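Structure, as structure tokens:
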Amino acid sequence: MKRRLSNLLFVACYLFFATGSFAQENRLVEIEKRLEALSESTVPGLNEKVDISVSDVQIQEFVRGLANNNKVNISIDPKLNIMIVNNFANEPLKNVLVFLCKEYDLTIDFTGSILSISKYEAPVEVVTPKPKKALNIQFDASKQLISWDLNRDSLRSVAKKITQLTGKNILLSPGLENYFVMSYIQKLPLEEALKNLSFSNKLKTNISDNGSFFIEKSEDISKVSGTGRTRTNNRTKGQQSTSGEVAIKINDHGSGIFSIDIDAIDYPIAEIIKNVSEQLDIDYFMFSDPKGTTTTKVKGISYEDMLAFLLRGTAHTYKQEGKIYLIGERKFEGLRSSKVIQLQYRNLDQMLEIIPAELKKGIEIKEFSELNSIVLSGSTPQIREVATFIEELDKTVPMIMIEVILLDVRKGKSIKTGIRAGLGGDSVTTGGTIFPGIDFNFSSKSINSFLNALSAGSAVNLGQVTPNFYVGLSAIDNTDNANVRSMPKLSTLNGHNANLTIGSTRYYSIQTQSLVGTQNPVVNTTQQFNAVQANLSINITPSVSGDEQVTLDIQVEISDFIGDPPANAPPPSATSSFQSLVRVRNGDMVVLGGIERVEKSESSTGVPILSRIPILKWLFSSRSKSKSKTISTVFIKPTIIY
């Protein structure tokens with residue numbers, strides 16, 4: 174009965190602690206399995222029964238007694254401060270150890286047959302941070318257009334992303350850090366897009382003279398520069414000097430943002446800088462006072478803009494180091510600055526040639542071709558001015574692919590008729606072409622046979638021709654129709670030439686003779702072949718406008734050989750050319766055609782007088798006549814590729 178009661182108590186305690194977390198239950202089950210495995214293999218003492226009753230005993234003493242009695246190697250953390258009040262009767266040691274782990278939140282580490290008991294420390298749960306929502310904002314730098322789709326996005330994150338994409342500073346009024354906005358904009362300029370964002374989210378956007386944007390709640394507009402808080406130094410307002418007077422007004426926008434209003438008439442530049450610096454509590458170090466006076470009236474400018482405007486055109490400049498502004502002559506050590514600008518889209522040599530000479534004055538510019546970069550050295554305002562100029566020109570240069578379709582339609586016709594006769598060598602034989610077209614030669618033997626046949630049975634004897642006599646008969650009609658088509662593709666950068674040349678080459682020979690020697694001269698004959706070309710040449714210069722229309726400056730020159738060349742003479746040729754300036758939309762085709770060339774030739778040879786008598790002229794002459802017409806058409810299609 175006593176044993177059953179102890180078992181029931183143990184089971185009750187076990188069930189009570191088992192109602193913990195799922196992880197805790199798994200941990201205890203794992204310990205119980207390890208103890209069970211050791212009890213069956215190397216540590217049988219874990220199965221021996223325990224009969225013990227204690228009250229207010231340190232857990233170290235309690236465990237040490239169990240280990241000695243059951244011959245089990247147990248090590249326990251001496252830092253544990255736990256008092257044991259328990260009664261165990263006839264219970265295996267392994268169950269007692271599991272109970273201690275449950276009751277006092279302990280754990281057991283196993284090293285071979287050695288058990289190490291220590292305080293259980295729950296593993297730190299690694300919380301995977303939820304990935305931030307990606308902002309759907311796109312900026313087209315070439316067109317300076319921005320698009321976004323915002324749905325309850327943080328205004329602070331939106332402003333940061335827009336600043337990174339556009340390079341324009343966007344400042345938020347205090348209290349807007351955790352403001353969420355909703356807006357959809359498609360391809361608008363930045364200023365207009367920000368105003369639409371502000372309007373749809375009950376905000377207000379203002380732009381400063383230096384191009385920065387300031388966003389605040391619409392109900393806080395009364396605090397904006399011009400209508401809000403101002404801080405005016407009465408000592409400088411309306412202050413006069415021997416050379417003029419000045420009024421300075423400092424506008425406080427909060428969050429450390431200030432703007433400056435200056436109304437000066439022939440007032441010293443150095444005094445204005447000192448007065449404004451004192452009012453804004455800005456640290457400065459003036460190596461030498463800027464000379465001269467200024468007359469100006471500006472509103473809402475920043476401190477750096479004020480320094481740039483006042484020192485422009487003088488021998489002085491400024492540079493910021495930390496929170497201190499250094500002011501002095503440009504040549505002073507410490508006021509010179511350097512900046513490396515790496516070009517993204519333009520060629521280094523071209524950019525150096527484009528920079529105006531006025532911007533280069535007083536500043537050293539060097540090229541670093543390995544990185545396609547420009548190194549600027551000089552005063553900070555000048556470097557900033559040159560850097561702005563370079564960044565404005567360092568844009569993507571469009572590439573234009575030009576598809577050219579060349580179509581030539583040729584039609585020609587020639588007629589050759591006549592009879593020819595003469596004395597030739599023994600090589601003349603009877604033969605030739607009868608169909609299609611007649612081009613036939615009769616030898617002397619064939620002619621004599623024909624004459625003998627006519628004389629047979631007749632009183633008239635026609636006689637015979639000499640052995641080397643021949644007669645040729647021609648009657649040929651040729652028609653030539655041809656279509657020639659080519660489709661080359663050219664690619665070039667915006668504003669650069671694209672050339673295409675297609676043609677043929679013919680050669681003619683020139684023979685020269687020279688005498689070598691005086692008493693027994695020897696004749697040397699030299700033959701030289703010269704080339705003559707006939708080409709179709711197209712020169713196209715494309716220019717892309719802002720609305721993606723392409724202006725094409727087209728020059729076309731067509732030359733071709735005409736007729737048969739005379740012996741040892743250059744072949745005759747004809748040339749036609751035209752120049753056109755057209756404008757076409759991206760991807761559209763323009764047709765340049767109508768270049769028509771008509772060639773006619775007529776020649777005849779014959780016996781004088783007889784070749785002009787009707788009917789008889791066909792027997793005593795040879796005639797050839799030809800006519801050809803060529804029509805050239807050019808199709809041009811430009812396609813812009815960024």
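All the letters of the sequence shown, read from the start, carry residue numbers 174 to 815 under the numbering used here.
For every residue, glycine included, the Cβ atom is placed at its ideal position computed from N, Cα and C.
Small disclaimer: the values here were computed from a predicted structure and weren't measured.
Spatially closest choice to residue i from the options, by CA coordinates
i, options, result
"Phe482", "Gly495, Gln493, Thr467", "Thr467"
"Ile528", "Asp567, Gly501, Lys492", "Asp567"
"Phe353", "Ser381, Leu323, Lys334, Ile335", "Leu323"
"Glu365", "Leu318, Leu663, Lys334", "Leu318"
"Thr803", "Glu775, Gly668, Val763, Ser749", "Ser749"
"Gly585", "Val570, Glu564, Lys773, Glu543", "Lys773"
"Glu477", "Ala488, Leu201, Phe458, Tyr498", "Tyr498"
"Asp382", "Lys341, Asn759, Ile310", "Lys341"
"Ser286", "Leu273, Asn246, Ala295, Asn259", "Asn246"
"Thr674", "Leu666, Asn697, Ile711", "Ile711"
"Asn268", "Gln493, Ile813, Leu516, Arg207", "Arg207"
"Gln337", "Leu363, Lys422, Ile474", "Leu363"
"Phe460", "Glu198, Lys492, Asn424, Asn693", "Lys492"
"Gly218", "Ala560, Asn259, Thr699, Leu270", "Leu270"
"Tyr818", "Gln692, Pro441, Ile430, Gly495", "Any property of residue 818 remains undetermined from this structure, which presents the chain solely from 174 to 815."
"Glu537", "Thr698, Glu543, Leu525", "Leu525"
"Gln523", "Ser550, Gln692, Val570, Met479", "Val570"
"Glu418", "Ile433, Asn424, Ile445", "Ile445"
"Ser511", "Ser542, Ala560, Ser622", "Ala560"
"Gly760", "Glu775, Lys810, Ile731", "Lys810"
"Thr215", "Phe283, Phe272, Ile225", "Phe283"
"Ala550", "Arg509, Asp454, Ile455", "Per the sequence presented here, residue 550 reads as Ser, with Ala not at that position. Selected option, being the one with the closest Cα: Arg509."
Integer Cβ distance of residue i from residue j, believed to fall under 8 angstroms
i, j, result
"Arg503", "Ser552", "5 angstroms"
"Ile514", "Ser546", "6 angstroms"
"Val155", "Phe261", "The requested residue 155 is not part of the displayed model; the chain covers only 174 to 815."
"Gln722", "Arg758", "5 angstroms"
"Ile474", "Gln452", "That belief does not hold up - the Cβ atoms of Ile474 and Gln452 are roughly 14 angstroms apart, past 8 angstroms."
"Leu266", "Leu239", "6 angstroms"
"Leu345", "Leu367", "Their Cβ separation, rounded to whole angstroms, is 12 angstroms, which puts Leu345 and Leu367 out of contact at 8 angstroms."
"Val583", "Ser795", "Residue 583 is actually Arg in this sequence, not Val. About 26 angstroms; that fails the 8 angstroms criterion."
"Val771", "Thr806", "Their Cβ separation, rounded to whole angstroms, is 16 angstroms, which puts Val771 and Thr806 out of contact at 8 angstroms."
"Met479", "Ile814", "Their Cβ separation, rounded to whole angstroms, is 46 angstroms, which puts Met479 and Ile814 out of contact at 8 angstroms."
"Asn243", "Glu264", "With a Cβ gap of about 12 angstroms, Asn243 and Glu264 do not count as contacting."
"Ala754", "Ile731", "The residue you asked about is not Ala; residue 754 is Leu in the sequence shown. Between Ile731 and Leu754 the Cβ distance is about 19 angstroms, and since that is not below 8 angstroms, they are no contact."
Own chain partners of residue i with C-beta closer than 6 angstroms, once the 5 adjacent residues on each side are dropped
i, result
"Phe702", "Tyr680, Ser682"
"Ile578", "Met660, Phe808"
"Asp462", "Ala443"
"Thr724", "Ser716, Arg756"
"Ile563", "Ile514"
"Thr487", "Pro463"
"Thr714", "Asn670, Asp726"
"Phe734", "Ala707, Pro744, Ser746"
"Gln752", "Gln728"
"Ser718", "none"
"Tyr277", "Ile255"
"Lys800", "Lys586, Lys773"
"Glu350", "Arg329"
Cβ-based neighbour list, residue i, same chain, cut-off 7 angstroms, excluding 5 preceding and 5 following
i, result
"Phe235", "Val227, Ile257"
"Lys539", "Val548"
"Cys274", "Leu201, Ile204, Thr280, Ile281"
"Ser330", "Leu308"
"Tyr293", "Asp278, Leu279, Thr280"
"Pro694", "Leu688"
Chain-order list of residues whose beta-carbon lies under 8 angstroms from that of residue i (same chain, five-residue window excluded)
i, result
"Val397", "Confidence at Val397 is low in this model, with a pLDDT of 35, below 50, so the placement of that residue should be treated as unreliable; the coordinate-derived value is given next. The residues are Lys377, Asn379, Phe387, Glu389, His426."
"Asn369", "Ser356, Ile358, Leu361"
"Gln686", "Val696, Asn697, Thr698, Thr699"
"Thr409", "Below a pLDDT of 50, predicted positions are generally treated as unreliable, and Thr409, at 42, falls in that range; no measurement from the model is reported."
"Ala742", "Tyr681"
For residue i, the residue or residues it bridges with in DSSP
i, result
"Met355", "Asn324"
"Glu469", "Note on identity: in this sequence residue 469 is Thr, with Glu being the wrong assignment. Beta-bridge pairing links Thr469 to Ala437."
"Lys422", "Asp434"
"Glu540", "Ile547"
"His489", "Glu502"
"Pro811", "Ile575"
"Gly676", "Asn708"
"Gln523", "Answer is none; Gln523 lacks a bridge partner."
"Phe261", "Ile225"
Contact between the stretch 422–437 and the stretch 468–488 (3+ Cβ pairs under 8 angstroms)
yes
contact_flag[the stretch 249–256, the stretch 203–215] where n(CB pairs < 8 angstroms) is 3 or more
no
How about the stretch 515–534 and the stretch 552–563: do they share at least three Cβ pairs that are nearer than 8 angstroms?
yes
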